[in-house]
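Numbering (my numbering), first residue to last: 110 to 1236. Even for Gly, the Cβ is constructed at its ideal location relative to N, Cα and C.
#1: Tell me whether the beta-carbon of residue 236 lies closer than 9 angstroms to the beta-carbon of residue 303.
#2: Less than 9 angstroms between the beta carbons of residue 243 and residue 295, yes or no?
#3: Looking only at its own chain, which residues have a Cβ that is under 7 angstroms from the Cβ of residue 1201, when we skip the five neighbours before and after it?
#4: Which of the three DSSP states, helix, strand or coil, is assigned to residue 1067?
#5: In terms of residues, what are the limits of the alpha helix (DSSP H) holding residue 968?
#6: For the beta strand (DSSP E) containing residue 347, list its first residue and its last residue.
#7: So is residue 431 buried or exposed if we call it buried at 16+ other beta carbons inside 10 Å?
#8: Quick one, which of 366, 372, 223, 550 has its alpha-carbon nearest residue 380's?
#9: Might you give, ordered along the chain, the residues of its own chain that have their beta carbon closer than 6 angstroms to the beta carbon of residue 847, omitting 5 neighbours on each side?
#10: Relative to the C-alpha of residue 491, which candidate in 168, 1026, 195 has its C-alpha closest?
#11: So the beta strand (DSSP E) residue 983 belongs to, where does it begin and stop?
#12: Would you kindly work out how many angstroms separate the C-alpha atoms of residue 221 and residue 198, rounded to a whole number?
#13: Jot down the residue ranges of each uninterrupted beta strand (DSSP E) in the segment 1040-1091, minimum 3 residues, whole runs only, in chain order.
#14: Please list the terminal residues of the continuous alpha helix (DSSP H) segment that includes residue 714.
#15: What residue range is occupied by the uninterrupted beta strand (DSSP E) comprising residue 625?
#16: Taking the Cβ atom as the reference point for each residue, do residue 279 and residue 252 lie within a distance shorter than 9 angstroms?
#17: When burial is assigned at 16 or more other CB atoms within 10 Å of the CB, is residue 916 buried or exposed?
#18: Under the rule that 16 or more other beta-carbon atoms within 10 Å means buried, what is residue 1078, buried or exposed?
#19: Whole-angstrom Cβ separation of residue 391 and residue 406, contact assumed at under 8 angstroms?
#20: Given a threshold of 16 other Cβ atoms within 10 Å of its Cβ, counted over all protein chains shown, does residue 258 qualify as buried or as exposed?
#21: Please report the distance separating the alpha-carbon of residue 373 from that of residue 300.
#22: Measuring straight from C-alpha to C-alpha, what distance separates residue 541 and residue 168?
#23: Curious, which full-length alpha helix (DSSP H) runs of at least 4 residues does the segment 609-665 contain?
#24: With DSSP run on the structure shown, which of helix, strand or coil describes residue 225?
#25: Residue range of the beta strand (DSSP E) that residue 522 falls in?
#26: Does the segment 564-577 come close enough to the segment 502-512 that 3 or more CB-CB pairs lie under 8 angstroms?
#27: Suppose contacts are defined by Cβ-Cβ distances below 9 angstroms. Is residue 641 in contact with residue 340 by that definition?
#28: Output yes or no for whether 9 angstroms exceeds the beta carbon distance between residue 617 and residue 217.
#29: Run through DSSP, which three-state label would residue 1205 get?
#30: By how many angstroms is the C-alpha of residue 1119 removed from the C-alpha of residue 1129?
#31: On a CA-only basis, which of 166, 529, 356 is nearest residue 202? Give me that one, please.
#32: Roughly how many angstroms separate the alpha carbons of residue 136 and residue 1089, rounded to a whole number?
#33: Please determine, among 903, 949, 711, the residue with the shortest C-alpha to C-alpha distance to residue 931.
#34: Assuming residue 673 contacts residue 595 (C-beta within less than 8 angstroms), just tell me the rounded distance between them.
#35: What's the C-alpha gap between residue 868 and residue 327?
#36: Please report how far the alpha carbon of residue 1207 lies from the alpha carbon of residue 514, in whole angstroms.
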């Protein structure tokens, strides 16, 4: 719809293509509460403060949003004591006018001293300001980055003369860079005691002019590429290339953040890149060079598509700095549907193939995992949407002891409004704006819609529990905000806010924490560094008290084009004393203060520090982690012989299930184990993908695996092996193998959907039984098989579950009970023994075990939009007893289930792997996650309407153009995107249409354990937080430590998800064990347990090894099988 008008416009006037193509690519591309009785922030009017600055933009025929892409980006603000009176002053960037300096007179009153100070600037387009002591004389200087095409745009450096005046000396110091400057960051990267400078630039090149298949990342661009300058005693030399910094035109950086990400004492660099290039992480090698690591998916995978502002700080108080990046995802459905487009699956895959990484339109929160990798958890925390966002500031604004998140928002005109793009693509509109003398840009711009949006404040309640508290804290005024800085304007220990707005007066907010929460304490530390780094940039602070730990870093340039006040600021909750604090100075020396009464403001000097090292950080822990190391450790076996790599069949579910948001053809491989050779050691079968044979690996006495019977399994390589089970089907004492065929890539009449029974004839001989299964030759997409004597005839029977109905996802599928006769033959007895299996749902997994203690096995079945169902034999048939056990309330999107005695009480508990909490999908008993399934277009095709819960209602996830392609009858009702935005499912479809559809609901999306308490029933608990970062597909359980309680190993992830919803990739291998003292499961991170499984885990089995040892086998989709030794 947009592509053809773009081509038309390009043929008429090339400059129009710049903005249209740009907008198309951008848009596609312990807990403490906050019950604030009064607003935390008070807005102080210009009349009260004397600050009347407004970043006013004016249309110029040759310089406007159509001719300069960053026209509406706004300007920054910098704060610090520039006058020498001990109070922080304010410096505002004006894009088109003079920059302004206000000296702090005390009591929130300021004086405009711009003219006499000589800091207005001489360039015609400025972007950002950074404060730093450039010449090492103890005074803060001002560095201004300039850009645009109105003049030479060289950056300016205003050296502080100490008398209220400044002298511009950028050329003298080698800092008059002429590039498209966005912001400068001052820090000492090489440890020589002098401040160096990292500069990000953003080239004003038409995005439509790039051939993305030709990745230019390693081609250097002088004006548009990022630069690193080394301070060599007063002159800054460009060391970009020799330091290993990328400096390409395609970076389009909008912000950066400096932090010691791996806590080795060296500052690293994060760069947030706009448009199609991925973000960068430069790890400091300590020898003057950096290594860029964000290209390694195992380090960081999901990133923002249009990364804007960024900041780094410890958000969960575990001592490790986390990364937060803003993007452009609105938080209201109305704007999601009108100003946001998402890349389709094909375009996303192309960009990944071309090396741009995995990018998605949402804010991201990268949780630091010991400096080695990051987990993206913005959807878990609810911090992924904030609208068209700019600055990010992480700080504790209410002194509850946790860093909050401020995001500034707004674009003067919605250049990505889809209706607007359609309107200006109309030929009649084009004739009206294109004249003989050129394009009437003013008329084009007047057509662009404009809507102010509020900024967003996420209050941190601890345990990664964030709350949008913007309105309650007094920050809810809609505007067009850009740069922002936190600052203690009166020295009372509370952080005030200064926010720059476009075409609207800047705003100063007074922090009222001391009035509203007098019981809360705080700590402020002023730093006196040794020259030339007199501000001690790069210093680190650790504080201990009340069993808690706080970590801070001293870098001033933060958020977006702005600079915050020097010093450390820490909120301490209700502590009255801290045990100790340690400042690590940039040279590695430390200063320590013990037993300090708080609140307090200290001044520490580097000259008085000691040559002692700072304590090393502890492991990156989460809420729910164990307090001690596990008594068991797993180690990857390097030479197990189980050499099998699952190789995915290249198929896109979205090509035929066009209203689906995740693939269901990627849920293999199958994994099952048993002793098939009779030597007392467990052997392994790993299923193949479609067009890949599965493999049977027999374990020898030396622990090495050997592949066997390959020809037998190769005969059925056209099938997708989803699940398998070993059992004795013939009664000869040997383990036979049943393999479930499934997936979502086959047609409904494909013989490749038939399951297979392989009979073990001994001596390594196997043969296919030839019986079409499940009976009578049903062509279904299977998901699981469980073997047990369900009918009581003394032979193994089979429960076989169906995953889905091809071309009808969401329509409940059947499951089957097949009775074995002990000779390898089976008959369907579902109607006789388990009639409730008909139309049971979308089954994903099942398990059998004695849950009730009656000596008979029960059958547990889980699936998508189902509650865990427990079937028990009652007389001659089986019935669902889930309600009696208290499980019917836990409808979820379940992917896996395991039965094990986790508590050691002799009863089997139920561990359920669910969708997880790190998702746009959200369900609760009060408002369940929903999907409607039906023929909404009345064309014989089954459609799915996946809903998204928001505070305002239940909205369809699907975008208007996608919906109209499948249900064209709605075009008249929704003639444009504006009419569709904000429409709930019940607005779009009639009650009769929804009544005729199937409604699927999930009230609980967290992975759970149902603890078996005997006659008292089951006690439901969510698994620890570490197990909630993604969908759990694989669960293994066994007593690894010999204490009578089973440990649990789990993992999952799902990468094949539409970009709008985004993949689930934050769950790595996790070990859980029951802590009897706490009476709950606790988690162990991968670095502690050794169970580090990257990728998409699909199955975990714990097997016997030589000499009574235990081993763990982990199967992954499209990846190698891993074998771990248990030590």
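On the basis of the supplied data:
#1: Against a cut-off of 9 angstroms, the Cβ pair of residue 303 and residue 236 comes out as no contact.
#2: yes
#3: 1177, 1178, 1195
#4: Shown here, residue 1067 sits in coil according to DSSP, grouped into three states, outside any helix or strand.
#5: Per DSSP, residue 968 belongs to no alpha helix (DSSP H); it is in the beta strand (DSSP E), 967-975.
#6: 345-347
#7: buried
#8: 366
#9: 834, 866, 894
#10: 1026
#11: 978-983
#12: 10 angstroms
#13: 1052-1059, 1062-1065
#14: Unbroken run through residue 714 is the beta strand (DSSP E), 709-714; no alpha helix (DSSP H).
#15: It is not in any beta strand (DSSP E) - residue 625 instead sits in the alpha helix (DSSP H) that spans 622-625.
#16: Yes. Within cutoff.
#17: exposed
#18: So residue 1078 counts as exposed.
#19: That pair is no contact at about 17 angstroms.
#20: exposed
#21: So the alpha carbons of these two residues sit roughly 13 angstroms apart.
#22: 19 angstroms
#23: 622-625
#24: helix
#25: Segment: none, residue 522 is in no beta strand (DSSP E) and carries neither H nor E.
#26: yes
#27: Taking 9 angstroms as the Cβ cut-off, residue 641 and residue 340 qualify as a contacting pair.
#28: Residue 617 is a Cβ neighbour of residue 217, given a cutoff of 9 angstroms.
#29: Note: residue 1205 maps to coil in three-state DSSP.
#30: 4 angstroms
#31: 166
#32: Legend: pLDDT at residue 136 = 32, less than 50; position of this residue unreliable, no value from coordinates given.
#33: 903
#34: Yes, they are in contact, since the Cβ atoms of residue 673 and residue 595 sit about 5 angstroms apart, within 8 angstroms.
#35: 56 angstroms
#36: 35 angstroms
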